[in-house]
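Residue numbers 1 to 427, in UniProt numbering, belong to the letters of the sequence shown in order.
Note that the Cβ used here is the ideal one computed from N, Cα and C, for glycine as well.
Encoded as structure tokens, the structure appears first; notes follow it.
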Amino acid sequence: MKARENMTVIKKNRKVIAVICAWLMAIAIFMVYTADKSYGADILGSIKDGNFRNYIERSFDFDHDGQITQQDVDRVTVMDVDNADIESLEGIEIFANLKELSCRGNHLTELDLKGNTKLEKLNCESNDITLLDLSGNPELTDLNCYGNELSALDVSGNTKLKNFQCGDNSFSTIDLSRNTALESFAYIGGSLEQIDLSHNTELRSLWITAAPLKSLDLSNNDKLEAIVCTWTEIRTLDLRDKPYLQGENVNVSYNEMISLHSDIPHGSEVSAYSERAINVDLPCGETSYDLRKIDPEIMPQYITGVSGGSVEDATVSGIYDGMELTYTYTENGVTLAAGIVFHVENDCPAEPSDETGGDGTGTGSGSVITGQDSGTENMELPDSIVSIEKVPETGDNTVTYAAAIIACIVLGGAATVLIGARKKKGM
């Protein structure tokens, strides 16, 4: 009897425990659910741009419940917000697992991605970005920031960078010394004046167009497979010792080059046409110019088809102001049509003249008038009085009369000074 009562109590307790556990589980599920929803609200609250927020709501509500949850956010690895009329990506750091971001064609003025530490690819082309902070993106391998307003760009912390496009910006130089993994570099349009590629030994593709680049040293880029270098101010280029470079993958047209050094197989396929004439300024009286001043390695025997002047042993002779010289430079099958316009200074400095007074022994502008009376000191008159140049004879007597009047005034003034000095001494 007692045992039966105990079993009844145990069964009742089990039911109570089961009910309690069910309630606890329901409460836990509810708390997790509501916590997840409230976190979603916080995410949306951190997104300041309305168009960006709308994009997130449309694109990342994976369970279609009208809410952005932490689970939704964690699933996002790729984000494409091209041409979405977005002005700010503030709040994007919430997407900690983001690996690829494309935000081309918006109105961004700055982009801070320090919170997206897993980012590998970024395309922010065609915005108005003046500040791009990539210091927190060590995994970045692909970067395209073409067509912005960047006056400087620091990629020193992006040591895994392989593909880099950065043209149509305002910076004149960029430091790539720590980007030793770089394989492709493109700069199209902009203010780039110099670039050092000596540390980028893995470089395979190079594209530089429409930039005021003065020179390009590729001596350390032996793995180069393709190069486009057009519309620059480069005056000579050395493409020798590039075993992977083929003629059909080389375009060096529309530059200002006077020579092109190459040992490329099938050199006739290299595009090196329509080179722009360079301008060379010479001092007054100069009539010759050594082309080795521009390219110390230019080979005279490769210069043919000279027109507009004379070239012997790489030296141009018979130069005059405005002379236009053209010639063909062919080295190992690669032909370059070069042109030079010479500008010779016309205003030569005048030869110094030997000005002397009356008998050729004049005393110059510091002349001294000596009084006859020992009581008067030697008196030096100002230059404005004693430096009277002889008026040239002309048919116009007016000039002669004017000169005579001026002379009388000056002499009268000098006499007055001398008389005054004597009277003062006599007193």
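Sequence-distant residues of its chain with Cβ nearer than 7 Å to D290 (five each side left out): Around D290: A314, T315.
Delimiting residues of the alpha helix (DSSP H) encompassing V73: 70-75
I129 versus L111 - alpha carbon distance: The alpha-carbon separation between I129 and L111 amounts to approximately 7 Å.
Leaving aside the five residues before and after G247 along the sequence, list all residues of the same chain whose C-beta is less than 6 Å from its C-beta, in chain order. I264, H266, G267, E269, V270
Return the first residue and the last residue of the alpha helix (DSSP H) that I56 is part of. 50-59
Close-in-space but distant-in-sequence residues of the same chain around I278 (CB under 7 Å, 5 per side omitted): Within the same chain, R235, E256, I258, I340 come within 7 Å of I278 by CB-CB distance, once the 5 residues on both sides are set aside.
A337: first and last residue of the uninterrupted beta strand (DSSP E) it sits in: Taken as a continuous stretch (DSSP letters only), the beta strand (DSSP E) holding A337 covers 334-344.
Helix, strand or coil at L291 according to DSSP, with G and I counted as helix: helix
Where S307 falls: helix, strand or coil (DSSP): strand
From the DSSP secondary-structure annotation, give me the bridge partner or partners of Y273. Secondary-structure assignment with DSSP links Y273 through no beta bridge to anything.
Specify whether the segment 86-105 and the segment 43-63 touch according to this definition: at least 3 beta carbon pairs, one from each stretch, less than 8 Å apart. yes
Which same chain residues end up closer than 8 Å to H199 when comparing Cβ atoms and leaving out the 5 residues on each side of it in sequence? L176, S177, R178, N179, T180, N220
Tell me which same chain residues have a C-beta within less than 6 Å of the C-beta of Y146, skipping the five on either side of it? For Y146, where only same-chain residues beyond five positions count, the Cβ hits under 6 Å are E125, Q165, G167, D168.
What is the DSSP secondary structure of I43, reduced to helix, strand or coil? Look at I43 here: in three-state DSSP terms it is helix.
Between residue 428 and E193, is the Cβ-Cβ spacing less than 8 Å? This structure leaves residue 428 out entirely; the chain is present only between 1 and 427.
Return yes when the Cβ of T77 is within less than 8 Å of the Cβ of E100, no when it is not. yes
If you draw a straight line from the C-alpha of D82 to the C-alpha of I208, how long is it? 25 Å
Leaving out five residues on either side along the sequence, give the residues of the same chain with a beta carbon under 8 Å from the beta carbon of G189. G167, D168, T209, A210, A211
Identify the continuous beta strand (DSSP E) that holds I278 and give its terminal residues. 278-282
Quick check on the DSSP output: the beta strand (DSSP E) that includes M185 runs from which residue to which? For the sequence presented, residue 185 should be read as Phe rather than Met. Element bounds for F185: 184-188.
Integer-rounded CB distance, given that T335 should sit under 8 Å from residue 430: This structure gives no information on residue 430, because the portion of the chain shown stretches from 1 to 427.
Whole beta strand (DSSP E) runs in the segment 227-263 with 3 or more residues, listed along the chain? Fully enclosed beta strand (DSSP E) runs of 3 or longer: 236-238, 259-261.
What is the DSSP secondary structure of E93, reduced to helix, strand or coil? helix
Between which residues of its own chain and G91 is the CB-CB distance below 6 Å, once the five residues before and five after are set aside? S46, I47
Below-8 Å beta-carbon distance, K160 vs any chain D residue: Absent from the structure: chain D. Only one protein chain is present.
Where A96 falls, given that 16 or more other Cβ within 10 Å makes a residue buried: exposed
Taking only three categories from DSSP, how would you classify Q165? Of the three classes helix, strand and coil, the one that applies to Q165 here is strand, per DSSP.
Distance, Cα to Cα, L260 vs I298? C-alpha separation (whole angstroms): 8 Å.
Please go through the same chain and pick out, in chain order, the residues whose beta-carbon is closer than 8 Å to the beta-carbon of N346, but skip the five residues on each side of it. C284, D321
As assigned by DSSP and simplified to three states, the class of Q67: coil
Looking at G105 and E136, is the spacing between their C-beta atoms short of 8 Å? At residue 136 the sequence reads Gly, which differs from the Glu that was named. Contact flag unset, no.
Helix, strand or coil, according to DSSP, for S205 in the structure here? strand
Whole angstroms is fine: what's the gap from I319's alpha carbon to V252's? I319 and V252 have their alpha carbons spaced roughly 28 Å apart.
DSSP three-state assignment for V316, whether helix, strand or coil: Strand, per DSSP.
Pull up the CB-CB distance for E233 and L206, whole angstroms please, since I reckon it's below 8 Å. No, E233 and L206 are not in contact; Cβ-Cβ is about 17 Å, not under 8 Å.
Alpha carbon of N249 to alpha carbon of R75, nearest angstrom: Rounded to the nearest angstrom, the two C-alpha atoms are 41 Å apart.
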